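Listed in order, the protein sequences are those of chains P and E. So for the first sequence, my numbering puts the first residue at 45; every next one is plus one. So for the second sequence, my numbering puts the first residue at 511; every next one is plus one.
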Amino acid sequence: DAGVTQSPTHLIKTRGQHVTLRCSPISGHKSVSWYQQVLGQGPQFIFQYYEKEERGRGNFPDRFSARQFPNYSSELNVNALLLGDSALYLCASSPGLSADTQYFGPGTRLTVL
Amino acid sequence: GQNIDQPTEMTATEGAIVQINCTYQTSGFNGLFWYQQHAGEAPTFLSYNVLDGLEEKGRFSSFLSRSKGYSYLLLKELQMKDSASYLCAVILTGGGNKLTFGTGTQLKVEL
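Right under this line is the structure:
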């Protein structure tokens, strides 16, 4: 069975640009969460979506937005990129919203120059 | 706020046993996860504790004490491939399954 997939694997952008990151959850999983991981730190929660609705938002500015599609895949959008947005962006899926184990994708490495 | 503490780095010898500690102070607690993350890769699930006690899974075991806000991950018969970052993460009450992570413990296994 395919695990969580993310695209692209690597991305280089310049300050002020916008970026869209994509995630496909494990088949049958209806919840997708996004995390940002800066080098040397643990992942930080950005968003959680379940059944196409936002169910949680972390302490990130409004430049960050996301959505979930009917097939449960998800996109994370970041506008007006800053140097500090350079990080590994991880997507995780789980069957539902209860204390289910979250399974992570390989991540998208974003570099902002 | 939420506070999750882990040692930054640890070094151990191949074949030995290592214990990685995690302490947490959180408003509400609904479970604790351990993940392993190799450099440049995604975190992979190791264990989940919600009740006090020890959970054993092969060479890896995880312990939880809710009253002390304390957990540890025990790795036995260390192998070189166990060199990785080990992330402690908690789920808070009412937070769905949103994970709040510590900074991770970088384990280096030496010959």
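Every residue gets a Cβ at the ideal spot worked out from N, C-alpha and C, and that includes glycine. As the structure is a prediction and not an experimental result, all values here were calculated from the model.
Could you tell me the distance, in whole angstroms, from the CA atom of residue i to the CA atom of residue j?
i               : j               : result
Y582 of chain E : A594 of chain E : 16 Å
G128 of chain P : L141 of chain P : 30 Å
Q61 of chain P  : A124 of chain P : 5 Å
S571 of chain E : N559 of chain E : 10 Å
R66 of chain P  : S51 of chain P  : 5 Å
I70 of chain P  : E95 of chain P  : 14 Å
V48 of chain P  : Q146 of chain P : 10 Å
L621 of chain E : E97 of chain P  : 50 Å
A143 of chain P : N607 of chain E : 5 Å
Q529 of chain E : T53 of chain P  : 33 Å
Closest to residue i by C-alpha separation, out of the options, would be which residue?
i               : options                        : result
T64 of chain P  : P:S71, P:Y133, P:I70           : P:Y133
L585 of chain E : E:F573, E:R569, E:Q616, E:R576 : E:R569
F104 of chain P : P:S68, P:Q50, P:Y79, P:G72     : P:Y79
F91 of chain P  : P:T145, P:V82, P:D106          : P:D106
E551 of chain E : P:C135, P:A143, P:P139         : P:C135
T155 of chain P : P:V82, P:F148, P:A131          : P:A131
C532 of chain E : E:K578, E:E566, E:A549         : E:K578
F543 of chain E : E:Q616, E:F611, E:T615         : E:F611
S68 of chain P  : P:L55, P:I56, P:S137           : P:S137
Measuring only between beta-carbons, confirm whether residue i sits less than 9 Å from chain P.
i               : result
P517 of chain E : no
E551 of chain E : yes
F573 of chain E : no
A526 of chain E : no
Y545 of chain E : yes
I530 of chain E : no
Y558 of chain E : yes
A599 of chain E : yes
T554 of chain E : yes
Once you ignore the five residues that flank residue i on each side, which residues in its own chain have a CB closer than 6 Å to its CB?
i               : result
L157 of chain P : T58
N121 of chain P : T64, S109
I527 of chain E : K586
Suppose the cutoff is 8 Å on Cβ atoms and the five residues either side in sequence are ignored; what does the same chain contact list for residue i look like?
i               : result
G563 of chain E : F573, L574
G605 of chain E : G538, N540
K618 of chain E : E519, M520, T521, A522, S593
Y93 of chain P  : S75, V76, S77, R99, A110, R111, Q112, S118
P139 of chain P : G72, H73, K74, S75
N513 of chain E : Y534, Q535, T536
Looking at residue i and the ligand GTP, is the gap between the Cβ and the nearest heavy atom below 8 Å?
i               : result
T155 of chain P : The ligand GTP is not part of this structure, which contains no ligands at all.
Short of 7 Å in beta carbon distance, which residues of its chain neighbour residue i, apart from the five on each side in sequence? Order them along the chain.
i               : result
Y545 of chain E : P553, T554, F555, L556, L597, A599
E587 of chain E : G525, R569
E565 of chain E : S557, N559, S571, S572
R101 of chain P : F91
Check whether chain E comes within 9 Å of residue i, counting only Cβ atoms and requiring the distance to be less than that.
i               : result
Q146 of chain P : yes
V76 of chain P  : no
Q112 of chain P : no
L134 of chain P : yes
Q92 of chain P  : yes
L154 of chain P : no
S138 of chain P : yes
R99 of chain P  : yes
Comparing the C-beta of residue i with each C-beta of chain A, is any distance below 9 Å?
i               : result
A143 of chain P : Here chain A cannot be found, since the structure's protein chains are P and E.
**Q.** Segment contact, 8 Å Cβ cut-off, at least three pairs: the stretch 525–541 of chain E with the stretch 76–87 of chain P
**A.** no
(Q) Contact between the stretch 517–534 of chain E and the stretch 104–118 of chain P is defined here as three or more beta-carbon pairs at a separation below 8 Å; is this criterion met? (A) no
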